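Undergrad: My structure is below; once you've seen it, I'll send some questions.
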Amino acid sequence: MQLLQILWERREFFATCLLEHIRISLTAVLCAGVLGIAIGIWISRHKKAAGIVLGIINVIYTIPSISLLGFLIPFTGIGNKTAIIALTVYGLLPIVRNTYTGLTNVDASILEVSEGLGADKRQQLLGIRLPLALPVIISGFRNMVVMIIAMGGIASFIGAGGLGSAIYRGITTYNMTLTAAGSLLIALLALLSDFLLSRAEKGVNRRYGIE
Amino acid sequence: MSKAIEIKHCRASYGENEVLKDVSLAVEKGEFIVIIGPSGCGKTTLLKLMNGLVVPTEGEVAINGWPLQKEDMVAVRRRIGYAVQGAKLFPHMTVEENICYVPGLEGKMPKGEKRAIARKMLNMVQLPEELASRFPRQLSGGQKQRVGIARAMAAEPDILLMDEPFGAVDEITRKGLQEELSTLQRKTGVTVVFITHDIGEAFKLGSRILIMREGVIWQEGTGEELRRAPKDEFVKRLLCL
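Protein chains in written order, with our numbering: chain R, 323 to 533; chain X, 678 to 918.
Structural data, given as structure tokens:
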């Protein structure tokens, strides 16, 4: 009850936080998505680099998020920009790994047939490899989106906006309801995004005849 | 007139393992060549030399009189049909998209043209036109194989390479497919190189039969010639004589 009450009473504050949270997450999702798929495609063509690149991304992933934010402050200062960079870097792992796995696990005999029929490298990538890898890439993408939204909560510790502000303010003022309300909204946002993406995933699978 | 396919003293290997040892072969336009031989004798490698999927370590391959070169490989392949065992259709494409794959590689095609090609090819391989919108997983083995042949023939190639295309279908379907391929070949005059395990199929289809063993062409000739004068015990046993 208290929770609903606070959400209603301070609806403008929460709405601002929510929009800011969506804005930060969406920017990071787009950056990580584009960058991650590009890196995934590149390492699927350069197998020697794949191990190294995945290793580096894995190591970055193990750095605690709060300290990554700390490391970035001297370079990019505090605020949304730093938050977006950190979230992008974290978001890379699932999307790079899934793009790479998806692209390299395409049935070799099918690729050979397309080559034998006269597809060039680009046509193979766009027409065969990527579409067949798409379900795996999308599942990595879902993973990434949920992670970025959830992790967006701590971005306000370095002065970025978003629903983390509500959580942070709640902690510093011993207002547990405020913290809970912020967390709830983050969880709902993540769940909703995941749901929408799962619908998109089903749609894609149906389009490509994989079910 | 230049030969459809000419292979001159070609060797090919996978790593240390030499799978083709000095093979030479000339295929006239309109011939139906069948290659038989035990597993691992180099049949598939020989076939893949012809569309550049295998590059010879030594020797030369020429298609319609032109030596195969890396630069124009893609263009040459589009003029050569390729069908393999199990069809290997693209699972994310409908039957129509599969059939129109090769013509589509040359550039985007209008919908009407795609439909027309798909319809024509489905008729050619004796499949109902309604299948055009299905996905490969909704087809039976025999239907897949037919679509595979339709895909290989859609750009009206003058050479058709087939690697055990009927290997994975039941006996009755296979008989039907053989008849159809035979008719198709006579009608279009396409040059066919066909690999099989099935000796009956080889005699039935081939205007010339190549017997391979351990990376060389062991004996070749028409079915009649081979039956009359098998070279040795190996050929006798292989042909069940």
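Ideal Cβ positions, reconstructed from N, Cα and C, are used throughout, including at glycine. Keep in mind that this is a model prediction, so the values were computed, not measured.
Would you tell me roughly how many angstroms separate the C-alpha atoms of Gly358/R and Val418/R, rounded to the nearest one?
TA: 5 Å
Undergrad: If you measure between the beta carbons of Ala477/R and Thr410/R, is that distance less than 9 Å?
TA: no
Undergrad: Are the C-beta of Leu514/R and some C-beta of chain X separated by less than 9 Å?
TA: no
Undergrad: Can you check whether the CB of Leu352/R is closer than 9 Å to the CB of Ile382/R?
TA: If you check the CB distance, Ile382/R and Leu352/R do not come in under 9 Å.
Undergrad: When you compare each of Trp330/R, Arg528/R, Thr398/R and Val356/R to Pro453/R by their alpha carbons, which one comes out closest?
TA: Arg528/R
Undergrad: What does Thr494/R pair with, by DSSP beta-bridge criteria?
TA: In the DSSP output, where bridge partners are listed per residue, Thr494/R has none listed.
Undergrad: Would you check if there are 3 or more beta carbon pairs closer than 8 Å linking the segment 463-472 of chain R to the segment 504-523 of chain R?
TA: The segment 463-472 of chain R is in contact with the segment 504-523 of chain R.
Undergrad: Taking 8 Å as the cut-off, is the C-beta of Ile460/R nearer than that to any heavy atom in the ligand PLP?
TA: The ligand PLP is not part of this structure, which contains no ligands at all.
Undergrad: Taking Cβ to Cβ, would you say Val711/X is nearer than 9 Å to Arg885/X?
TA: yes
Undergrad: On the premise that Lys881/X lies in contact with Gln855/X, defined as a C-beta separation below 8 Å, what is that separation, rounded to the nearest angstrom?
TA: 6 Å
Undergrad: Tell me which residue opens and which closes the beta strand (DSSP E) that Arg890/X is part of.
TA: Where Arg890/X is concerned, the enclosing beta strand (DSSP E) stretches over Arg885 to Arg890.
Undergrad: Determine whether the Cβ of Gly424/R lies closer than 9 Å to any Cβ atom of chain X.
TA: no
Undergrad: Could you tell me which whole beta strand (DSSP E) segments of length 3 or greater appear in the segment 780-867 of chain X?
TA: 836-840
Undergrad: Looking only at its chain, what residues have a beta carbon closer than 6 Å to the beta carbon of Ile450/R, apart from the 5 residues adjacent to it on each side?
TA: The residues are Ser436.
Undergrad: Provide the residue span of the beta strand (DSSP E) that contains Asn646/X, from first to last.
TA: For chain X, the structure presents residues 678 to 918; residue 646/X sits outside this window and is missing.
Undergrad: Which class does Glu523/R belong to by DSSP, given the choice of helix, strand or coil?
TA: Residue state, collapsed to three classes: helix.
Undergrad: Cα separation between Leu916/X and Glu902/X?
TA: 12 Å
Undergrad: Anyone know if the C-beta pair for Gly781/X and Lys821/X falls short of 9 Å?
TA: no
Undergrad: Taking the alpha helix (DSSP H) that Cys353/R belongs to, which residues open and close that run?
TA: Counted as a single uninterrupted DSSP element, the alpha helix (DSSP H) harbouring Cys353/R occupies residues Arg333 to Arg367.
Undergrad: Could you confirm whether any beta carbon from chain X is found closer than 9 Å to the beta carbon of Trp458/R?
TA: This sequence places Val at residue 458/R; Trp is not what is there. So no, Val458/R is outside the interface.
Undergrad: Check whether the Cβ of Lys725/X lies closer than 9 Å to any Cβ atom in chain R.
TA: yes
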